[in-house]
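Residue numbers (full-length UniProt numbering): 1 to 145.
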Amino acid sequence: SSRLPAFYDIPPAHDPLLHLLTTSIMKNGRYSKAAKITSDTLLYIHTYTRAPALPILRSAILMASPAVRNVRFKSGSKSQVRPYPLNERQRTKKGIDWLLAEVKGKMSGRTLQERLAREVIAIVRGDSPVLKLREDAHKLAMVNR
């Protein structure tokens with residue numbers, strides 16, 4: 001008998017988004033530990049929402065991902081900003097990095113898995129500081145286009 005409920009969909013092992021998330025979490029080459037954190041995060045998301053975890057994670061990372069990066073450069077004596085578009089992988093990686101930076105700064109949850117799951121749910125609900133980062137980046141890009 002399995003410890004997972006029968007209705008829970010286990011995501012594919014080689015999902016590109018999960019691989020990118022796992023490698024972003026990984027420290028000192030410890031991939032299996034990072035993979036465990038990723039799978040536990042999916043279980044926490046499922047526990048908190050009673051819905052399939054992978055679509056929730058996908059939508060949260062999509063919502064947190066910026067479309068541009070703003071590069072500062074000096075022109076004479078003043079500093080200017082130039083927005084550059086990001087491709088799909090760069091966008092996703094930036095969103096994951098912002099998500100992990102927000103989670104690692106907090107101490108509210110007991111483990112990284114719990115904090116990550118709560119932050120993902122907060123992004124989907126729309127009340128996360130990560131969304132403000134994205135909005136600020138887009139505003140800066142619109143002003144300096």
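Using N, Cα and C, we set each Cβ at its ideal position, and we do this for glycine too. Predicted model only: the values in this text are computed from it and were never measured.
Integer-rounded CB distance, given that residue j should sit under 8 Å from residue i
i	j	result
leucine 112	isoleucine 123	Not quite, the Cβ-Cβ distance comes to about 16 Å (not below 8 Å), so this is no contact.
threonine 38	threonine 22	5 Å
Cross-strand partners of residue i (DSSP beta bridge)
i	result
arginine 145	Paired residue(s): none; arginine 145 is not in a bridge.
asparagine 70	Pro83
Whether residue i touches residue j by CB criterion (8 Å)
i	j	result
proline 129	glutamate 102	yes
isoleucine 25	valine 120	no
alanine 53	leucine 62	no
serine 65	lysine 94	yes
arginine 91	alanine 67	yes
residue 201	proline 83	Limits of the chain in this structure are 1 at one end and 145 at the other, which puts residue 201 out of reach.
Segments assigned alpha helix (DSSP H), at least 4 residues, entirely inside the UniProt domain "Small ribosomal subunit protein uS7" (14-145)
The UniProt domain "Small ribosomal subunit protein uS7" (14-145) is shown to contain whole alpha helix (DSSP H) runs of 4 or more residues at 16-25, 31-49, 53-64, 88-105, 112-125 and 129-143, in chain order.
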